[in-house]
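What follows is a set of notes on a single structure, which appears directly below.
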Amino acid sequence: MSEHRLRPLLAPKSIAVVGASGREGSFGLSTLQNLNNPGFDGPVHPINPGYDEIDGLACFPSLRDVPGGVEHAVLSVANAGVEAALTEAAEAGVRAVTMFGSAYLEGDTGEPKLRDRLQAIAREADMLVCGANCMGFVNYESSTRATWMAIDKDDWDDPGNITLITHSGTCFLTLQFNDPRHRHNMCISAGQELTVTAADYIDYALEHESTRAIALFLETVRDPDAFRAVLDKAVERDVPVVAIKVGVTEKSAELAQSHSGALAGQDAAYEALFDHYGVLRVDNWDDLAATSRVLSDARKLSPGGLAGIMDSGGARGMLIDMADKMGVPLADIGPQTVKKLAGLLEYGLEPVNPTDVWGTGLDWENVFGGCMQALADDEDAAFTAIFSDLGFTDEVGWGLVGIAEGVAANTDKPVYLCQHWSRAMNSIGVQQSVDTPVVVIDGTQTFLTAVRLAMQRRDRIDDGPGDMPALPSQAVVDQWRARLGTGEPFDENEGLDLLDAFGMTTPGRAIASSRDEALTAAEAVGYPVVLKTAMAGIQHKSDVGGVVLNLANGEALAAAYGTMAAELGPRVLIAAMAGKGVELAAGIVIDSQFGPLVMVAAGGVLIEIMHDRRFLLPPAGRASARRAVDGLACRPLLDGVRGASASNVDAVVDAVTALASIAGTLGDLIAEFDVNPLIAGPDGCVAVDALVVPRV
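Right, dumping it as structure tokens:
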């Protein structure tokens, strides 16, 4: 296999610390000491003209003075010295750099700014840069510890299976060094990404067999096409990706921009992006750590639901309520399992799932172990778990982990131990679990979040070849591309014609420019009809009296036409009235980073009030469209409520995929595309109105 282009950055053969120092507490000394470890195979060179030796290593005045050169340089210098240090590294032929200093400089009022100057130097030298404004990285597999954070060497023992890539330095420190259960193969503080981005780091991680899960903390995505490509690669290699994306609120997005130096992008785009590639989104570090830990387990969830034993009836009730609220199904245990449980439990304890097994605590280890094994053996158990705390006594902590470990030896399913309280960490019991198949998670809500997302991933249905809608002929696509390319406005009829061409159902209709033409058109369409203005330049017709509904005969139509022609102009659209149904809305919006997105939403006035909408990234097939439709808060309306007939959900899905086809083939020529309302009824789904604005 050819060498990955990031190898000189993340697994260098030689490394230097520019700004190394013998002063205790300095970044230069702690970085040097981190790198000067027995696990790193290559030479480590301190660079500082003021020293002959630091930490037992010969010190050189500059990078150019190092015999044989340097592959990677860590720049542990103040912001004011970063540009000169990077220039020296480029001139010395250094292939990769880690830059702690930020790319901002007080008093830097000229152009180009420091960040742009640094980026130009690095790009001209074809130099890989981790940072600027980063905390470095730790590659556990190559024992490359390019960070200034002074950490006890015991924290760098056996590599794990989680890759952490973060735009937050605090996240880099917190998730990496606080808990021995969360072991990583590499942790990277990406910083301002001068030449190497999160997409590059993900690609590097995916080339390592040790990577079983990737955890991301994102402020932005600087190279959307590359990011999509590596997420696609993660799907192909079946490596789960869990992500926090900040910048959801306007204020957070503004601060993310100032911190990382890049636009945060619309959150809708990230919603669509993550759904498209199955990225599991979480909101906080607890969930990021727990979910990536669960997904990095070599044991994968079986079909079925949660099966667990408890040390408390009250805690059992809480678990049942929380699981129901959070969408975590409970295993429906079979009669044989019930019989096994009944034979083990004290009198008065119920053989149900979850199982309160404590009672008086007599012979508790055998009761816990036997009941847990019985649940693990049940066909509907996706996994089995103990819900208890390790901190009662050391004996209980050891005992619980030992019980879970014994069950793990007799099942291929995941075995978990969930501590009720997120603050209940017991160092002895937790440490005992580290080298076992037992995954220990602190806090019921955090645990349920992690297993819910793991179940979501297990049950996900992706678009297959049969899910993608048939496109119109290339000639038809070319025809519409040419039309949009003129930049001329569309009227509603032409917008509906475009929907027709891609397979979406629209009402029968005709354009008329006189009363007689309107009456003739209505006879052809069939009463009742709707009368709409078709005068150029009127986009929101209902706001100006440009829509009259449910005209039942020629007399009513003639009167309505006369009024509308006098007030707005003679050109009108006559269309068949759509049947009753649930009003939805759909459309295409253009994101500055990821391009065209497809939206499906609650329609009518609800679109403004409820903000009930879902977004898709094209290409999107029926499986993706169904996830979007099923994710709407108004989704139960499609099943019929209060005596209303159920709508044809398959037709709604087909309409969304048709719009996704338009977005995928014509989206680069579209500025705005609204379909509102989209009426879903028992017999199908009809696009009643279309607003198309070409990109100019």
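Residue numbers 6 to 701, in my numbering, belong to the letters of the sequence shown in order. Glycine included, every Cβ here is placed at the ideal spot set by N, Cα and C. It should be emphasised that the depicted structure is a prediction, and the values quoted were computed from it without experimental measurement.
#1: In whole angstroms, what separates the C-alpha of residue 284 from that of residue 310?
#2: Can you list, in chain order, the stretches of the beta strand (DSSP E) that have 3 or more residues and sit fully within the stretch 121-199?
#3: How many whole angstroms separate the CB atoms of residue 698 and residue 677, which I take to be in contact at a CB cut-off of 8 angstroms?
#4: For residue 152, count neighbouring Cβ atoms within 10 angstroms of its own Cβ and tell me buried if that reaches 16, exposed if not.
#5: What would DSSP say about residue 479, mapped onto helix, strand or coil?
#6: Are residue 87 and residue 123 touching if we call contact CB-CB under 8 angstroms?
#7: So residue 517 and residue 595 are in contact, right, with Cβ under 8 angstroms, and what is the actual spacing, rounded?
#8: Which stretch, first to last residue, makes up the beta strand (DSSP E) that contains residue 508?
#9: Which parts of the stretch 435-462 are runs of the beta strand (DSSP E), unbroken and 3 residues or longer, counting only runs that do not cross its ends?
#10: Tell me the start and end of each unbroken beta strand (DSSP E) in the stretch 210-264 that is at least 3 residues and wholly inside, in chain order.
#11: Under three-state DSSP, which class holds residue 550?
#12: Considering only C-alpha positions, which residue in the set 653, 587 and 640 is nearest to residue 682?
#13: If we require 4 or more residues per run, which alpha helix (DSSP H) segments fall completely within the stretch 13-51?
#14: First and last residue of the beta strand (DSSP E) that includes residue 341?
#15: Output the distance between the C-alpha atoms of residue 373 and residue 445, rounded to the nearest integer angstrom.
#16: Which whole-angstrom value is the C-beta distance of residue 219 and residue 187, which I expect to be below 8 angstroms?
#17: Is DSSP giving residue 371 helix, strand or coil here?
#18: Flag residue 435 as yes if its beta-carbon sits less than 8 angstroms from any beta-carbon of chain C, otherwise no.
#19: Residue 77: buried (16+ other C-beta within 10 angstroms of its C-beta) or exposed?
#20: Have a look at the DSSP bridge pairing and note the partners of residue 620.
#21: Applying the 10 Å Cβ sphere with the 16-neighbour rule, what's the burial state of residue 352?
#22: On the criterion of 16 or more Cβ atoms from any shown chain inside 10 Å, does residue 531 qualify as buried, or is it exposed?
#23: Quick one: what does DSSP say residue 378 is sitting in, helix, strand or coil?
#24: Mind checking residue 270: buried by the 16 CB within 10 Å criterion, or exposed?
#25: Measure the alpha-carbon distance for residue 16 versus residue 101 and round it to whole angstroms.
#26: Could you pull out every unbroken alpha helix (DSSP H) segment of at least 4 residues lying fully inside the stretch 648-693, listed in chain order?
#27: Would residue 418 and residue 389 qualify as a contact pair, given that the criterion is a beta-carbon distance under 8 angstroms?
#28: Assign residue 330 to one of two classes, buried (16 or more other C-beta atoms within 10 Å of its C-beta) or exposed (fewer than that).
#29: Shortest alpha-carbon distance to residue 705 belongs to which of 340, 363 and 632?
#30: For residue 575 and residue 562, I'd like the C-alpha separation in whole angstroms.
#31: Give the range of the beta strand (DSSP E) segment to which residue 422 is assigned.
#32: When you compare each of 202, 401, 420 and 383 to residue 303 by their alpha carbons, which one comes out closest?
#33: Does DSSP classify residue 77 as helix, strand or coil?
#34: Taking the C-alpha atoms as reference points, what is the distance between residue 19 and residue 400?
#35: In this structure, does DSSP put residue 266 in helix, strand or coil?
#36: Taking buried to mean at least 16 other C-beta atoms within 10 Å of its own C-beta, is residue 377 buried or exposed?
The short version:
#1: Mapped onto the sequence shown, residue 284 falls at position 279. Mapped onto the sequence shown, residue 310 falls at position 305. Each residue's alpha carbon lies about 22 angstroms from the other.
#2: 133-135, 142-144, 149-151, 167-171 and 189-194
#3: The sequence position of residue 698 within the sequence shown is 693, counting from 1. The sequence position of residue 677 within the sequence shown is 672, counting from 1. So it is a contact: roughly 4 angstroms between Cβ atoms.
#4: Along the sequence shown, one-based indexing puts residue 152 at 147. Residue 152 is buried by the Cβ-count criterion.
#5: Reading the sequence shown from its first residue, position 474 is the one you call residue 479. If DSSP states are grouped into helix, strand and coil, residue 479 belongs with the helices.
#6: Taking the sequence shown and counting its residues from 1, the one referred to as residue 87 is at position 82. Taking the sequence shown and counting its residues from 1, the one referred to as residue 123 is at position 118. Yes.
#7: Position 512 of the sequence shown, counted from the first residue, corresponds to residue 517. Position 590 of the sequence shown, counted from the first residue, corresponds to residue 595. Not confirmed; about 33 angstroms, so no contact.
#8: Working through the sequence shown from its first residue, we reach residue 508 at position 503. Looking at the DSSP string, residue 508 is not in any beta strand (DSSP E), and its letter there is neither H nor E.
#9: With a minimum length of 3 residues, the unbroken runs of beta strand (DSSP E) contained wholly in the stretch 435-462 fall at 443-447.
#10: Taking only runs of at least 3 residues, the beta strand (DSSP E) segments lying wholly in the stretch 210-264 are 218-223 and 246-250.
#11: Here residue 550 is taken as the residue at index 545 of the sequence shown, counted from 1. In the structure shown, residue 550 sits in coil (DSSP, three-state: anything other than H, G, I, E or B).
#12: For the purposes of this step, residue 682 is taken as residue 677 along the sequence shown, with counting starting at 1. Residue 682 has its Cα closest to that of 587, out of 653, 587 and 640.
#13: The stretch 13-51 contains these whole alpha helix (DSSP H) runs: 32-40.
#14: Locating residue 341 in the sequence shown gives position 336, counting from the first residue. Premise fails: residue 341 lies in the alpha helix (DSSP H), 340-349, not in any beta strand (DSSP E).
#15: For the purposes of this step, residue 373 is taken as the residue at position 368 of the sequence shown. For the purposes of this step, residue 445 is taken as the residue at position 440 of the sequence shown. Their backbone Cα atoms lie some 16 angstroms apart in a straight line.
#16: For the purposes of this step, residue 219 is taken as residue 214 along the sequence shown, with counting starting at 1. For the purposes of this step, residue 187 is taken as residue 182 along the sequence shown, with counting starting at 1. The pair is not a contact, with the Cβ atoms about 13 angstroms apart (cut-off 8 angstroms).
#17: Here residue 371 corresponds to residue number 366 of the sequence shown, with the count starting at 1. Helix.
#18: Considering every chain present, this structure includes no chain C. It has just one protein chain.
#19: Taking the sequence shown and counting its residues from 1, one reaches residue 77 at position 72. Residue 77 comes out buried.
#20: Taking the sequence shown and counting its residues from 1, the one referred to as residue 620 is at position 615. According to DSSP, residue 620 bridges with 604.
#21: For the purposes of this step, residue 352 is identified with residue 347 of the sequence shown, where counting begins at 1. Exposed.
#22: As a position in the sequence shown, residue 531 is number 526, starting the count at 1. Exposed, by the Cβ-count rule.
#23: In the sequence shown, the residue the question calls residue 378 occupies position 373. Of the three classes helix, strand and coil, the one that applies to residue 378 here is helix, per DSSP.
#24: To locate residue 270, count along the sequence shown from 1; it is residue 265. For residue 270, the predicted structure reports a pLDDT of 49, less than 50, and the residue's modelled location is therefore unreliable. A value from the coordinates is still provided. Buried, since its Cβ has 16 or more Cβ neighbours within 10 Å.
#25: Start at 1 with the first residue of the sequence shown, and residue 16 comes out as number 11. Start at 1 with the first residue of the sequence shown, and residue 101 comes out as number 96. So the two alpha carbons sit approximately 10 angstroms from each other.
#26: 654-671
#27: Residue 418 sits at position 413 when you count from the first residue of the sequence shown. Residue 389 sits at position 384 when you count from the first residue of the sequence shown. Cβ atoms of residue 418 and residue 389: closer than 8 angstroms.
#28: Translated into positions along the sequence shown, residue 330 becomes position 325. Residue 330 should be labelled exposed.
#29: Outside the shown range of the chain, which is 6 to 701, sits residue 705, and nothing can be said about it.
#30: The residue given as residue 575 occupies position 570 in the sequence shown. The residue given as residue 562 occupies position 557 in the sequence shown. Near 13 angstroms, if we compare the C-alpha coordinates of residue 562 and residue 575.
#31: Taking the first residue of the sequence shown as position 1, residue 422 is located at position 417. Taken as a continuous stretch (DSSP letters only), the beta strand (DSSP E) holding residue 422 covers 420-424.
#32: To locate residue 303, count along the sequence shown from 1; it is residue 298. The residue from 202, 401, 420 and 383 with its alpha-carbon nearest to that of residue 303 is 420.
#33: On the sequence shown, residue 77 is found 72 positions in, with the first residue counted as 1. Note: residue 77 maps to strand in three-state DSSP.
#34: Locating residue 19 in the sequence shown gives position 14, where the first residue counts as 1. Locating residue 400 in the sequence shown gives position 395, where the first residue counts as 1. About 48 angstroms.
#35: The sequence position of residue 266 within the sequence shown is 261, counting from 1. Low confidence applies to residue 266: its pLDDT is 46, below 50, so where it sits in the model is not reliable enough to give any reading.
#36: To locate residue 377, count along the sequence shown from 1; it is residue 372. With 16 or more Cβ atoms within 10 Å of its Cβ, residue 377 is classed as buried.
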